[in-house]
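Enquirer:
Residue numbers (the working numbering), protein chains in the order written: chain A, 66 to 386; chain B, 10 to 350.
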């Protein structure tokens, strides 16, 4: 426990060097405070988003939004709102996403802001799909693909949504899958390949090929793990658990659900965490562990119903096994 | 009308060596300024001064850091140099003092923590020692007066409060033993007696004959008889009350003897309580003052942090630091991607 002050001479020398370096160097003029603060908040929010810290990211995006509002910067507000909506989508909070996107759409239309149309439509499509509005989602994603010039990443994401919709209504899956695979060739991101594998697994599961579904999901999981992409890891485990449960492999299903829950709790993901918890409870019940299943259902009620959710409490209750 | 050459900026009209000289003058000027600031800065004034070290062992080094100032008679004479764990689980605090104040640090000098240490603004105060005693040598150990904690103060005050509570309970017991109705009746009888006596004295004052005549007077006789009767009744009731009160008096005796025993320690206890309350008042007063300063302090801290942030940002974009600092992503919008839910 030794604490020693750095020598003052060294500090002064460092200061001297820094002053001389500053004198020798050139720098771009710093932006005004009103611009610098929200931009910093956006940058830090983006960093948190990339680190899968979505709650922190949302807080920073909200701060940026407040600052942009304070200087009546519509473009900044739209960016912050779309970022907030993206975080809400990742956390499965489609109602919140819809609220942010409606505000963003209003601003874009009011001030005729260029450059947001395609991505905004895509996010509205994704929000509608998450909310179960297949018609709305199809219309929005169709509108994205109908645009003359569209970012290929936006187009690819729209094709994913259309393929998911085709799979759900069991019509046009093959065509949607082919279009998706073609668009995917130009995309270098491994996580999009993993997403396609998960869609393939879903298609296999719907045809009763549980082993094929499990194999595809295992590959997808490996990609997500290599990319350290938490939402993908958690979603893959949940889908693996569902397949294992359908196969009657309850121990394996339980393991996948538990691993998914650990990731969801780290992400502070309430919606997906609750669905994983419900899955785990059903597996425990099927295993005959009714007491544990009851405990998990109580925790599920808390997770879904608590106004001021304490993640610490969720963690403690979950780990009490 | 100006010639073409006069439209050129003056700096382009200077030859190269003049320009170099100008830059050189600026650089040298800046260096001179730095040296000047260095020489006259407060830190630099004591940087090369001769110093000596003393050691203090404390049970609780709360709020002491390596920047904690050390004062003698209100003058800054040094700072804490090092904090370490000593023997017997005591905290070893190494204090570096300016040599020119060494003559004040004698064997009877004591180090104590300022009262503000409780709220995190610690200063070590060293009492100036007796000049007849030898100096504490370099590396020597100084005795420490540890400040009284709030818990200790409360622990000292609590027994006194408990005694007071017990005494009040006894008094309450006494008050409950007396029946208010009986007291009311007795008071009423006494009032009647007093009224009768007043009547007699009024008649005497009216000059109606002598005392024998007054006694012979039938009215007076009746009044007197009634008075005596009432007095007798009052006395009888008083006797009965006294008999009832006998056990209470016995209790009272016991209480007073206990109180006598307890009161032996009372002056000392009161004295101690006085001292503690005084200390508490001083501490609370200081804390109050500090609390009032707190919002201002927070505001200033925030301003300072914002300024530091701006300075750091400027530093980050300055060569050569800008080369090694990884800039955060400039992307404002999250990358479009399929949902992975």
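Note that CB positions come from ideal geometry on N, CA and C, so glycine has one too.
Tell me which residues share the same chain as residue 91 (chain B) and place their Cβ nearer than 6 Å to its Cβ, disregarding the 5 neighbours each side in the sequence.
Expert: Hits under 6 Å: 103.
Enquirer: Under the three-state reduction of DSSP, which class applies to residue 57 (chain B): helix, strand or coil?
Expert: Looking at residue 57 (chain B) - three-state DSSP - the assignment turns out to be coil, as it is neither helix nor strand.
Enquirer: Note down the Cα distance separating residue 377 (chain A) from residue 302 (chain A), rounded to an integer number of angstroms.
Expert: Cα to Cα, the separation comes out at about 23 Å.
Enquirer: Which residues of chain B have a Cβ atom closer than 9 Å to the Cβ of residue 297 (chain A), listed in chain order?
Expert: The answer, in chain order, is 349.
Enquirer: With 9 Å as the threshold, decide whether the Cβ of residue 369 (chain A) is near any Cβ in chain B.
Expert: Chain B, which has no Cβ nearer than 9 Å to the Cβ of residue 369 (chain A), makes this no.
Enquirer: Give me, in chain order, the residues of the same chain whose beta-carbon lies closer than 7 Å to that of residue 259 (chain A); leave out the 5 immediate sequence neighbours on both sides.
Expert: Taken in chain order, the residues that qualify are 285, 288, 289, 297.
Enquirer: Relative to chain B, which residues along the stretch 120 to 153 of chain A have a C-beta separation below 7 Å, given in chain order?
Expert: Answer set for the stretch 120 to 153 of chain A: 144, 147, 148, 151.
Enquirer: Please confirm if residue 61 (chain B) has its CB atom under 9 Å from at least one CB of chain A.
Expert: False, the Cβ-Cβ gap to chain A never drops below 9 Å.
Enquirer: To the nearest whole angstrom, what separates the beta carbons of residue 145 (chain B) and residue 115 (chain B), a pair I think is in contact under 8 Å?
Expert: Contact holds; Cβ gap of about 7 Å.
Enquirer: Please compile the residues from chain A whose C-beta is within a distance smaller than 8 Å of the C-beta of residue 346 (chain B).
Expert: Correct list: 218, 222, 254, 256, 257.
Enquirer: Nearest to residue 278 (chain B) by CA position, among B:342, B:167, B:292, is which residue?
Expert: Cα-wise, what sits closest to residue 278 (chain B) is B:167.
Enquirer: State yes or no: is the beta carbon of residue 201 (chain A) nearer than 9 Å to at least one beta carbon in chain B?
Expert: So no, residue 201 (chain A) is outside the interface.
Enquirer: Run through chain A and tell me which residues come within less than 7 Å of residue 341 (chain B), C-beta to C-beta.
Expert: Result: 107, 144.
Enquirer: What residues of chain A sit near residue 170 (chain B), judged by a beta carbon separation below 8 Å?
Expert: Under the 8 Å cutoff, chain A gives no residues; its nearest Cβ is about 39 Å from residue 170 (chain B).
Enquirer: Are the Cβ atoms of residue 228 (chain A) and residue 264 (chain A) separated by less than 9 Å?
Expert: Against a cut-off of 9 Å, the Cβ pair of residue 264 (chain A) and residue 228 (chain A) comes out as a contact.
Enquirer: Please determine, among A:291, A:116, A:150, A:169, the residue with the shortest C-alpha to C-alpha distance to residue 134 (chain A).
Expert: Minimum Cα distance to residue 134 (chain A) is reached at A:169.
Enquirer: Tell me whether the beta-carbon of residue 334 (chain A) lies closer than 9 Å to the beta-carbon of residue 157 (chain A).
Expert: Yes, these two residues count as a Cβ contact at 9 Å.
Enquirer: Report back the beta-carbon spacing between residue 169 (chain B) and residue 282 (chain B) to the nearest angstrom; my notes put them in contact at under 8 Å.
Expert: Confirmed, Cβ separation roughly 5 Å.
Enquirer: From A:109, A:140, A:98, pick the residue whose C-alpha is nearest to that of residue 125 (chain A); which is it?
Expert: That would be A:109, whose Cα lies nearest to the Cα of residue 125 (chain A).
Enquirer: State yes or no: is the C-beta of residue 304 (chain A) within less than 9 Å of the C-beta of residue 267 (chain A)?
Expert: Yes, these two residues count as a Cβ contact at 9 Å.
Enquirer: Since residue 260 (chain A) meets chain B, which of its residues come closer than 8 Å, beta carbon to beta carbon?
Expert: Those within 8 Å of residue 260 (chain A) in chain B are 347, 349.
Enquirer: At the level of alpha carbons, what is the spacing between residue 292 (chain A) and residue 111 (chain A)?
Expert: The alpha-carbon atoms of residue 292 (chain A) and residue 111 (chain A) are separated by roughly 17 Å.
Enquirer: How many whole angstroms separate the CB atoms of residue 190 (chain A) and residue 215 (chain A), which I take to be in contact at a CB cut-off of 8 Å?
Expert: In fact, because the Cβ distance is near 13 Å, the residues do not count as touching under 8 Å.
Enquirer: If you draw a straight line from the C-alpha of residue 245 (chain B) to the C-alpha of residue 273 (chain B), how long is it?
Expert: Computed Cα separation, rounded: 40 Å.
Enquirer: Using a Cβ cut-off of 7 Å, pull out every chain B residue sitting near residue 191 (chain A), in sequence order please.
Expert: Those within 7 Å of residue 191 (chain A) in chain B are 348.
Enquirer: Please state whether the Cβ-Cβ distance between residue 350 (chain B) and residue 364 (chain A) is less than 9 Å.
Expert: Cβ atoms of residue 350 (chain B) and residue 364 (chain A): not closer than 9 Å.
Enquirer: What residue from A:346, A:130, A:223, A:282 has the CA that sits closest to residue 201 (chain A)'s CA?
Expert: Among A:346, A:130, A:223, A:282, the Cα nearest to that of residue 201 (chain A) belongs to A:223.
Enquirer: Identify each residue in the stretch 168 to 194 of chain A for which the Cβ-Cβ distance to at least one residue of chain B is less than 7 Å, and report them in chain order.
Expert: Of all residues in the stretch 168 to 194 of chain A, 184, 187, 191 have a Cβ within less than 7 Å of some Cβ in chain B.
Enquirer: Tell me whether residue 338 (chain A) is buried or exposed, calling it buried when 16 or more other Cβ atoms sit within 10 Å of its Cβ.
Expert: By the neighbour-count rule (16 or more Cβ atoms within 10 Å), residue 338 (chain A) is buried.
Enquirer: Does residue 321 (chain A) pass the burial test, meaning 16 or more other C-beta atoms within 10 Å, or should it be called exposed?
Expert: That one is buried.
Enquirer: Residue 43 (chain B) versus chain A: which residues are under 8 Å apart at the beta carbon?
Expert: Correct list: 81, 84.
Enquirer: Under 7 Å between beta-carbons, which chain A residues line up against residue 8 (chain B)? List them in chain order, please.
Expert: Because residue 8 (chain B) is not part of the residues shown, which for chain B are 10 to 350, the question remains open.
Enquirer: May I have the straight-line CA-CA distance separating residue 345 (chain B) from residue 76 (chain A), to the nearest angstrom?
Expert: Spanning the two alpha carbons is a distance of roughly 47 Å.
Enquirer: Just the Cα atoms here: how many angstroms apart are residue 211 (chain A) and residue 359 (chain A)?
Expert: Residue 211 (chain A) and residue 359 (chain A): Cα-Cα distance of roughly 50 Å.
Enquirer: In chain order, what residues of the stretch 337 to 358 of chain A put their CB closer than 9 Å to some CB of chain B?
Expert: Hits within the stretch, in order: 337.
Enquirer: My understanding is that residue 113 (chain B) touches residue 81 (chain B), with C-beta atoms under 8 Å, so please give their C-beta distance in whole angstroms.
Expert: Rounded, the Cβ-Cβ distance is 5 Å, consistent with contact.
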